[in-house]
Amino acid sequence: MTDLAIESNSVQQMCDLMTGMATALVDQPAKVRIEAESFETETVLRLYVAEDDLGKLIGKQGRTARSFRTILTAASSKLQHRFSLDVQSA
C-alpha cells in the first residue's frame, strides 16, 4: 500500500469514529456530517451537527468536546498522524 492509500484509510477510520460517537449523542443523527481537510502535518476534521444539537456535542464547560478530542488524539497516535477536531452547526 502506498502512503497516500494508508493516509486515506486512516482519515476514513477517524471520520467513521467521530461520526459514530456524534450520532449516538445527538437528537438528529441524520444531520451529522463530517469533512476532512488534510495538510502536511495534520488533518482537520470538521464535524457538523444540527444547531439544536451543538450544545449536546460541546457539553457542560466543553467536557464532551474535550473528550472527543482526547479519543481522537489517542486513536491518531496509533496511526502516527495528527488529527484535530472542529465542531460546528450545520
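In the numbering used here, the protein residues as written are 73 to 162. Even glycine gets a Cβ: it sits at the ideal position worked out from N, Cα and C.
Secondary structure at VAL83, three-state DSSP: helix, strand or coil?
-> As a position in the sequence shown, residue 83 is number 11, starting the count at 1. Correct three-state label for VAL83: helix.
With DSSP as the reference, please indicate the residues paired to THR115 in a beta bridge.
-> Reading the sequence shown from its first residue, position 43 is the one you call residue 115. Partner(s): SER110, PHE155.
Could you check which residue in TYR120, GLN84, SER156 has the C-alpha nearest to that of THR95?
-> By one-based count along the sequence shown, residue 95 stands at place 23. The shortest Cα separation from THR95 among TYR120, GLN84, SER156 belongs to TYR120.
What three-state label does DSSP hand GLN133 in the structure shown?
-> The residue labelled residue 133 in the question sits at position 61 within the sequence shown. Helix, per DSSP.
State the CB to CB distance for the pair ILE130 and ALA137, rounded to an integer number of angstroms; the pair is presumed to be in contact (CB under 8 Å).
-> Counting from 1 along the sequence shown, the entry for residue 130 is found at position 58. Counting from 1 along the sequence shown, the entry for residue 137 is found at position 65. About 5 Å; that satisfies the 8 Å criterion.
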